[in-house]
Structures are given as C-alpha cells and as structure tokens.
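Q: Residue numbers (my numbering), protein chains in the order written: chain H, -1 to 117; chain X, 214 to 324. Glycine is no exception: its CB is placed at the ideal position from the N, C-alpha and C atoms. The structure displayed is predicted, hence computed values, not measured ones. One structure is given below, represented as structure tokens, and several questions about it will come after.
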Amino acid sequence: GAVVSQHPSRVICKSGTSVKIECRSLDFQATTMFWYRQFPKQSLMLMATSNEGSKATYEQGVEKDKFLINHASLTLSTLTVTSAHPEDSSFYICSALRDRQARAKNIQYFGAGTRLSVL
Amino acid sequence: DAKTTQPTSMDCAEGRAANLPCNHSTISGNEYVYWYRQIHSQGPQYIIHGLKNNETNEMASLIITEDRKSSTLILPHATLRDTAVYYCIVRLNTGGFKTIFGAGTRLFVKA
C-alpha cells in the first residue's frame, strides 16, 4: 500500500520554542495533504487542508499563525507549531491524498503520527 | 459531510468474524462509505471503501444496504492484532472533500 512518512515520531520541547513536523508521501504524489490532531481517548480533529503551491485552509478555531503549514512540493508538507505551550501537547497526524490513480482513487493515507510534549 | 453512527465498543472472539455496523441515514447519492482503523498510538489505516456495491479486499468485506443508509464492515477471521478503533466515514470522492472522523467503534478481539 501507499506509504506516508511522518517525522519526528516524538518530540519533547520547552515552552516557547517552535517545532516542525514533516510529512512525506514516499511512493505517490499528493496534491492535497491534511493535518489532524488527537487528544488522549478522543477522535482525530481536522486542523487544516493543504494544497501544493497554495495557502492552507484552516478549520474554524485553528490559529493559522500558530500552526504554520507549508506544502512546497507534491511529496512534502510541513506543520510548524510556533511558540509551543503545554496546551499544544498532542498527537499530530498528517494524511496525503492519493489522487488520480484508477485503483486507489481519492484514498487518504496517514502517517504514523508525531507525539508532541511541551514542557 | 453526512454523519455516521457507530456503536461505542464491541467484543469479538479471536478467529471469529467481526461485524461492525454503521448507520449513515443522511448519505447523499454521490457520497462513498470509507472505513479506517486506528491501532493504539498509530495513524489511521485505510481498510476499504464503496459506493453501493459490496466490496471485498484482502483485509475485509464491506456490505452496503440497498438503500445505502447503513453498512457493515466484516473482518472474516479476527485476530488479536485487529483490536483497534474502527471509523466509518461518509464523504464525497471528488475534489474539495474533507474527511471528518467521528468517535468510531472500539473493537476488542479476545483470545
């Protein structure tokens, strides 16, 4: 199946620092990628949709200046949590949309997630 | 996106079939049914999807009722590694869609 690589898998940082998370589609091109966050024992919450070469679309209540998304190529999207605080501690998951493939049309494939802990 | 309703949790004996139901009574004609699962502390894994015909792949079978208001995901021979949260999602299959996750069903496969 299609592979989406997410790095790092875990990061611990001090309050006030910025953290960058990378999401790569390894064996397919992804025009569209998605970023989710998940708190313990809760479902995934969509944060934003990023399209290659254009600005990301953020869901209501998600601060775009806080969570910077860059989708500079068809295989890479990054999420930067700026000036992280303890309340930003969460499990962040990216997803890449495999499009225009006859047998796997519009299937989203997910990365393994990044667990962010802000001290 | 149309909403789905799933049981909060289910148990299944190892080696038996696991049948996970999903209600999507407000599904529109061009929306697909997708199933994903999430094993603890991992990203969701795609399982299967369909529009109106039953589908089968190496992981599971998807049975969609004729009126498309409900569906069932079938894991034919559940193993302990199938213990996970299973999400039933209804969405369009064309551009501009968003995959919104509900609460899902927590499946416990017991030895």
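Starting from X/T285, follow the beta strand (DSSP E) in both directions and report where the run begins and ends.
A: Where X/T285 is concerned, the enclosing beta strand (DSSP E) stretches over 283 to 288.
Q: Name, in chain order, the residues that DSSP records as bridge partners for X/D224.
A: X/D224 pairs with X/F321.
Q: Check the DSSP bridge columns for X/I277 and list the partner residues they point to.
A: In DSSP, X/I277 forms a bridge with X/S284.
Q: CA-CA distance, H/E20 and H/F89?
A: H/E20 and H/F89: Cα-Cα distance of roughly 14 angstroms.
Q: Give the DSSP-derived three-state secondary structure of H/L42 in the structure shown.
A: Reduced to three states, the DSSP call for H/L42 is coil.
Q: Ignore the nearest five residues each way along the sequence and tell me which others in X/F321's own chain have a CB closer than 6 angstroms to its CB.
A: Answer for X/F321: D224, T296, listed in chain order.
Q: Just to confirm my understanding: we take H/L72, look at its own chain, exclude 5 residues before and 5 after, and list those with CB closer than 7 angstroms. What are they?
A: Closer than 7 angstroms at Cβ, skipping near neighbours: Q27, A28, T29, E50.
Q: In the structure shown, what three-state DSSP assignment does H/C11 receive?
A: Reduced to three states, the DSSP call for H/C11 is strand.
Q: Hey, how far is the Cα of X/Q258 from the Cα of H/Y56?
A: When rounded, the distance between both Cα atoms is 23 angstroms.
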